[in-house]
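Enquirer:
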Amino acid sequence: MTKQATLIVENLRKTIRRKEIIKGISFELKEGEVFGFLGPNGAGKTTTIRMLVGLIKPTSGRISICGYDLERQFTKAIRHIGCIVENPELYPYLSGWENLEHFARMVPDIPKARMNEVVELVGLQNRIHDRVSTYSLGMRQRLGIAQALLGKPKVLILDEPTNGLDPVGIREMREFIRFLAETEGLSVLVSSHLLSEIQLMCDRVAIMAKGTMLRVDTVEHLLKEQARVVWKAEPLEAAKAILAAETSIFRTDGDTLITPYEPKKLSVWNKKLVEAGVAVHEIQPKLPTLEDLFIELTGGETIE
Amino acid sequence: MRRGIVGIITIVSALAGILWLGGLAMAIQDQFFAAKAPPAGTAKYPKEEKTDNRGIYIVALGDSLTRGTGDESGKGYVGYMVDQLRQKTAKPIRVTNLAIKGQRSAGLLQQLGQAEIERQLKLADIIVMTIGGNDLFQGGEALKLAPKQIEQAKASYLRNLDRIFQTIRRINKDAVVFYIGLYNPFSDLGDAKQTSAIVRQWNFASAETAARYSNIIAVPTFDLFALHVNDYLYSDHFHPNKEGYKRIGERVASLITFTEGDEK
Amino acid sequence: MNNLVYNEMLKIVRKKRLFVIAAIVAVLVALFTYAQFKQVKELQERLGTSDWRTQLQQQIIDAQNRLNSSSISEEWRKYLQIRLQQQQYYLEHDINPSAPGAPTFMRMFIENAIDLFLPLLVMVVAADLVSSEASGGTIKLLLTRPVKRGTILLSKYIALLLAISFILLTVALLSYLISGIVFGYHGWRLPLLTGFTINGEDLNTEGVHLLPQWKYVLIELGLAWYVAIVAGTLTFMLSVLMRSTAAVMGIMLAALISGAILSNMVSSWESAKYLFMVNLRLTDYISGTAPPIDGMTLGFSMTVLAVWGLLALAIAFIVFTKRDVY
Chain L
1 MTKQATLIVE NLRKTIRRKE IIKGISFELK EGEVFGFLGP NGAGKTTTIR MLVGLIKPTS
61 GRISICGYDL ERQFTKAIRH IGCIVENPEL YPYLSGWENL EHFARMVPDI PKARMNEVVE
121 LVGLQNRIHD RVSTYSLGMR QRLGIAQALL GKPKVLILDE PTNGLDPVGI REMREFIRFL
181 AETEGLSVLV SSHLLSEIQL MCDRVAIMAK GTMLRVDTVE HLLKEQARVV WKAEPLEAAK
241 AILAAETSIF RTDGDTLITP YEPKKLSVWN KKLVEAGVAV HEIQPKLPTL EDLFIELTGG
301 ETIE
Chain F
1 MRRGIVGIIT IVSALAGILW LGGLAMAIQD QFFAAKAPPA GTAKYPKEEK TDNRGIYIVA
61 LGDSLTRGTG DESGKGYVGY MVDQLRQKTA KPIRVTNLAI KGQRSAGLLQ QLGQAEIERQ
121 LKLADIIVMT IGGNDLFQGG EALKLAPKQI EQAKASYLRN LDRIFQTIRR INKDAVVFYI
181 GLYNPFSDLG DAKQTSAIVR QWNFASAETA ARYSNIIAVP TFDLFALHVN DYLYSDHFHP
241 NKEGYKRIGE RVASLITFTE GDEK
Chain E
1 MNNLVYNEML KIVRKKRLFV IAAIVAVLVA LFTYAQFKQV KELQERLGTS DWRTQLQQQI
61 IDAQNRLNSS SISEEWRKYL QIRLQQQQYY LEHDINPSAP GAPTFMRMFI ENAIDLFLPL
121 LVMVVAADLV SSEASGGTIK LLLTRPVKRG TILLSKYIAL LLAISFILLT VALLSYLISG
181 IVFGYHGWRL PLLTGFTING EDLNTEGVHL LPQWKYVLIE LGLAWYVAIV AGTLTFMLSV
241 LMRSTAAVMG IMLAALISGA ILSNMVSSWE SAKYLFMVNL RLTDYISGTA PPIDGMTLGF
301 SMTVLAVWGL LALAIAFIVF TKRDVY
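Residue numbers (full-length UniProt numbering), protein chains in the order written: chain L, 1 to 304; chain F, 1 to 264; chain E, 1 to 326.
So, in structure tokens, the structure goes:
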């Protein structure tokens, strides 16, 4: 891959009241990719995101955005970030348009055309001049994205972007994020508690727990490792003994056995079972999910 | 349009800010660096001539008796006197009460030196006053003093009184002055004979002083409180109560007459 | 910077705070105008004259009588004594310090509003300037712009100064216009005395000089502005430190009210003069009213207020630029 890294995080640490919350994490975002950020509550997701946008100062480590150091060249670095941290909180007593104007005034050189552009992009043309207090959560979410895109950022950081959206909205948002990454070449960092969401829209995923980065990899890779086969056979004990000799058995679940998915060896194993007189009722490759992976990696900690 | 309003408020605020800053600078300049020049003698009172259609102007001077201490209605003898006078004349009556509680003759003399008091007196048609009670009684303790000390107090009091009358006459030579004498608040006590004698002598000397000036009339009150003194005294056994003041007021009022045209 | 200040002004205006303040001022001024009018009428009826000299003389006599009653507190006695001497001085120089007219009312209104009412109005704007952004979450959007935190806070502070100026203008204009309906709009040239200094129980008239009322009023407004800025700065600091606007208001309110109470009883606690809230009545030095604690002067009070204000400003900036935002 020759795509450039837009956001580089190196050995980031944060200590609050002598307690290390973030224990040295590193990762990078590449141009045009959607990067998923997963982790149970208290893993340090939000703290990390806040450090990325300059709201919290890291105790040590380095964040660089498009080549600018966030701490030392704050305004230059932050210029390339658009973000929504947690909820899209805007000024409820101003109209959507006034909110955009407000933020546009804080960035040099944003023409009115750009404002119209982002309003159209998020599809708020009809309601943009109404007060934000009359907006639904979904509309606020969109307005939040509109303001994040206003300054033509290279990196878009979205904390729970599908929060409070209806199923259609969620799908639209997903497509929109993919569109931004693929067409506009943005790097998008998305945190979500909906694992299926992340799975569907992200190119790469980072999994955090207890302040450390457990895995950073492409979705494809992660899932490949996790493929499983579910065997239903009789007698189970005999089947277990035979399969254990060939491969590792993850779990015995009632009258089923679960082994890793190795497509080429599947028929060989089956043959051995049949030869040993075991009745094989079912061989089912199980589609892996991030959720399984996640639970496995984090040791079954809750994810909201 | 909306942008206009915010813009206007911002500009107006900025201008106001400059104005207030100017005010602050002026305050600093004036308070810390101003030439300390006292104001020029501006005490030029407009000459207010007494005119007959102005009504009747009464000025009350003196101590707590004139103030009306002890009368829960707050009127004092001055109030009751005016009530009576209003029945006698159709002219408007105006009263200024300049009496100060606890004032002694020396204090009154000093008060008369003030420009504004002088102006008031100049305008007065009638002056009523009580003074001397505090010189003599000094809070009710005095009558236990030795005769010699009482003599001393009396001598200085009479000197002051003379100068008070003199001053009043110099300021206003026409107004009728009613000098109201003392009563003996202790006349029902054991040593009534002694105390009454002292008060009588005191009143006599005051009346003698008053007699040296024209139109200064000493009004006795000793007799008003001679019998059943407690019926007319306030709970402090010193100042008159409502009834006591009424009697004094009626007595003074009875002495004031108006010229033919004024009467009802 | 202009844009940032404009943003902050926009938020202040659109929150309708300034209009609420104007309405409060209008109602209060109308109320006080009526009360003042009643008082003048009552005094005239009681004394049977509208001559101010007689009225002032009567006030002097009343004060003297009060001084002679034994149950009067030491502070009150001192206050009366000094006021009495001052009234006497006015009388002797034939100057009516309370000649009716809108400018006189305005002057008195400012003198009475400077230590509580005016700071309260300023507080209404200043209290949620930063804390509302924190509690509303908009601070996250504000701080992720390519603008330094210090610049953002500075723009807010400038907006606060503008709002304070605007509030004072509202107070000045409304008190003039509304009271003028009853008292008339004349009296700008009325001469007034200032420069009284107080030594213990005596009024020193050495530095006394005359000022036309317009200048006197402008001076008082300037001082009121100064006080309002200090009160605003302190509120601003609290607003940075706390997320809850209600808590900010509560603390400021407690401080201001305790100042009003303390002023009446601190004469024996000398170091209280370093508290900002007993130093708010700057106009008292102009009119020559005794300060709550011996030895307090205009210069002293202004310095104390300046120190508090600058400290608060420094704390606000340091905390705001260094703090982690959650």
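For glycine and all other residues, C-beta sits at the position ideal for the given N, C-alpha and C.
1) Do the CB positions of glycine 70 of chain F and tyrosine 183 of chain F come within less than 8 Å of each other?
2) Does chain E have any CB closer than 8 Å to the CB of glutamate 117 of chain L?
3) Do you know offhand how far lysine 264 of chain F's Cα is from methionine 81 of chain F's?
4) Use the C-beta contact count for alanine 233 of chain L: other C-beta atoms within 10 angstroms, 16 or more gives buried, fewer gives exposed.
5) Quick check on isoleucine 168 of chain F: buried or exposed, where buried means 16 or more other Cβ atoms within 10 Å of its Cβ?
6) Does the CB of glutamine 64 of chain E have a neighbour CB from chain B at under 8 Å?
7) By the criterion of Cβ-Cβ separation under 7 Å, what are the contact partners of valine 147 of chain E in chain L?
8) Which residues mark the beginning and the end of the beta strand (DSSP E) in which residue 378 of chain L is found?
9) Roughly how far, in whole angstroms, is the beta-carbon of aspartate 115 of chain E from the beta-carbon of glycine 222 of chain E, given that I think they are within contact range, below 8 Å?
10) Which one of E:Leu241, E:Met265, E:Ala159, E:Val27 has the shortest CA to CA distance from leucine 174 of chain E?
11) Measuring straight from C-alpha to C-alpha, what distance separates methionine 51 of chain L and proline 58 of chain L?
12) Return the chain-ordered ranges of every alpha helix (DSSP H) run that is complete within the region 219-263 of chain F and spans a minimum of 4 residues.
13) Please determine if the region 1-20 of chain E and the region 243-257 of chain F are in contact, where contact requires at least 3 C-beta pairs separated by less than 8 Å.
14) Which residue marks the beginning of the alpha helix (DSSP H) containing proline 111 of chain L, and which one marks its end?
15) Mapping the DSSP letters down to three states, classify leucine 158 of chain L as helix, strand or coil.
16) My assumption, with CB atoms under 8 Å, is that valine 118 of chain L sits in contact with leucine 149 of chain L. Please give the rounded CB distance.
17) Please report how far the alpha carbon of aspartate 292 of chain L lies from the alpha carbon of glycine 254 of chain L, in whole angstroms.
18) Roughly how many whole angstroms lie between the Cα atoms of leucine 214 of chain L and tyrosine 93 of chain L?
19) Would you decide whether residue 306 of chain L is buried or exposed? Buried here means 16 or more other CB atoms lie within 10 Å of its CB.
20) Just mark isoleucine 129 of chain L as buried or exposed, buried being the case when its beta carbon has 16 or more other beta carbons within 10 Å.
21) Given that phenylalanine 238 of chain F touches chain E, what residues does it touch there, using C-beta distances under 7 Å?
22) Going by C-alpha to C-alpha distance, which of L:Val268, L:Lys271, L:Tyr261, L:Leu297 sits closest to lysine 286 of chain L?
23) In terms of DSSP beta bridges, what is cysteine 83 of chain L paired with?
24) List in chain order: all unbroken alpha helix (DSSP H) runs of 4+ residues lying wholly within the region 10-84 of chain E.
25) Quick one: grab the DSSP three-state call for lysine 273 of chain E.
26) If you count every other CB in all the chains shown that lies within 10 Å of the CB of aspartate 128 of chain E, and 16 or more means buried, which is it?
27) Report yes if the C-beta distance between glutamate 160 of chain L and glutamate 89 of chain L is below 8 Å; otherwise report no.
28) With histidine 281 of chain L as the anchor, note down where its beta strand (DSSP E) starts and where it stops.
29) Tell me whether the region 57-70 of chain E and the region 97-109 of chain F touch, counting them as touching only if at least three CB pairs, one residue from each stretch, are closer than 8 Å.
30) Using beta-carbon positions only, say whether leucine 160 of chain E and valine 125 of chain E come within less than 8 Å of one another.
31) Please check if any C-beta of chain F sits within less than 8 Å of the C-beta of methionine 9 of chain E.
32) Check each candidate in L:Lys23, L:Ile283, L:Phe37, L:Gly211 and name the one with the smallest Cα separation from leucine 156 of chain L.
33) Look at the Cβ atom of asparagine 264 of chain E, then the Cβ atom of valine 304 of chain E, and state whether they are nearer than 8 Å.
34) Quickly, what does DSSP pair leucine 38 of chain L with across the bridge? List them, please.
35) Pop quiz: asparagine 96 of chain E and tryptophan 52 of chain E are said to be a contact at Cβ under 8 Å. What is the actual Cβ separation, rounded to whole angstroms?
36) If we define contact as Cβ-Cβ less than 8 Å, is valine 325 of chain E a contact residue for chain L?
Expert: Based on what the coordinates show:
1) No, the Cβ-Cβ distance between glycine 70 of chain F and tyrosine 183 of chain F is not below 8 Å.
2) Closer than 8 Å: no.
3) Caution is warranted here: a pLDDT of 45 is assigned to lysine 264 of chain F, below 50, making its placement in the model unreliable, and no coordinate value can be reported.
4) Taking all protein chains shown into account, alanine 233 of chain L has 16 or more neighbouring C-beta atoms within 10 Å of its C-beta and is therefore buried.
5) Result: buried.
6) Given the protein chain composition of this structure (L, F and E), no chain B is represented.
7) Within chain L, the residues near valine 147 of chain E are Thr75, Met106.
8) Absent from the model: residue 378 of chain L. The displayed extent of chain L is 1 to 304, so no value can be given.
9) Aspartate 115 of chain E to glycine 222 of chain E, Cβ: 16 Å. No contact.
10) Looking at the Cα atoms, E:Val27 is the closest of the given residues.
11) Approximately 6 Å, taken between the alpha carbons.
12) Fully enclosed alpha helix (DSSP H) runs of 4 or longer: 242-255.
13) Too few Cβ pairs lie closer than 8 Å, so no.
14) In this chain, proline 111 of chain L is not harboured by any alpha helix (DSSP H), its DSSP state being neither H nor E.
15) Shown here, leucine 158 of chain L sits in a strand according to DSSP, grouped into three states.
16) With a Cβ gap of about 5 Å, valine 118 of chain L and leucine 149 of chain L count as contacting.
17) Rounded to the nearest whole angstrom, the CA to CA distance from aspartate 292 of chain L to glycine 254 of chain L is 19 Å.
18) One C-alpha to the other measures close to 43 Å.
19) A query on residue 306 of chain L cannot be resolved here, the shown segment of chain L reaching from 1 to 304 and no further.
20) First, the amino acid is wrong: residue 129 of chain L is histidine here, not isoleucine. By the neighbour-count criterion, in which 16 or more other beta carbons inside 10 Å mark a residue as buried, histidine 129 of chain L falls on the exposed side.
21) Listed along chain E is no residue with a C-beta nearer than 7 Å to that of phenylalanine 238 of chain F; the closest approach is about 14 Å.
22) Of L:Val268, L:Lys271, L:Tyr261, L:Leu297, the residue nearest in Cα terms is L:Tyr261.
23) According to DSSP, cysteine 83 of chain L bridges with L:Ile157.
24) Counting whole runs of 4 or more residues, the region 10-84 of chain E contains the alpha helix (DSSP H) stretches 17-47, 52-68.
25) Lysine 273 of chain E carries a helical assignment under DSSP once its states are collapsed to helix, strand and coil.
26) Burial call: buried.
27) Contact annotation: glutamate 160 of chain L and glutamate 89 of chain L have beta-carbon atoms that are not nearer than 8 Å.
28) First-last of the beta strand (DSSP E) with histidine 281 of chain L: 279-286.
29) Two segments are said to touch when three or more pairs of C-beta atoms, one from each, lie closer than 8 Å; by this definition the region 57-70 of chain E touches the region 97-109 of chain F.
30) Result yes, Cβ atoms of leucine 160 of chain E and valine 125 of chain E sit closer than 8 Å.
31) Flagged as an interface residue toward chain F: methionine 9 of chain E, by a C-beta distance shorter than 8 Å.
32) Selected option, being the one with the closest Cα: L:Phe37.
33) Not in contact: asparagine 264 of chain E and valine 304 of chain E (Cβ atoms no closer than 8 Å).
34) According to DSSP, leucine 38 of chain L bridges with L:Ile207.
35) Confirmed, about 4 Å.
36) Yes, because at least one Cβ of chain L sits closer than 8 Å to the Cβ of valine 325 of chain E.
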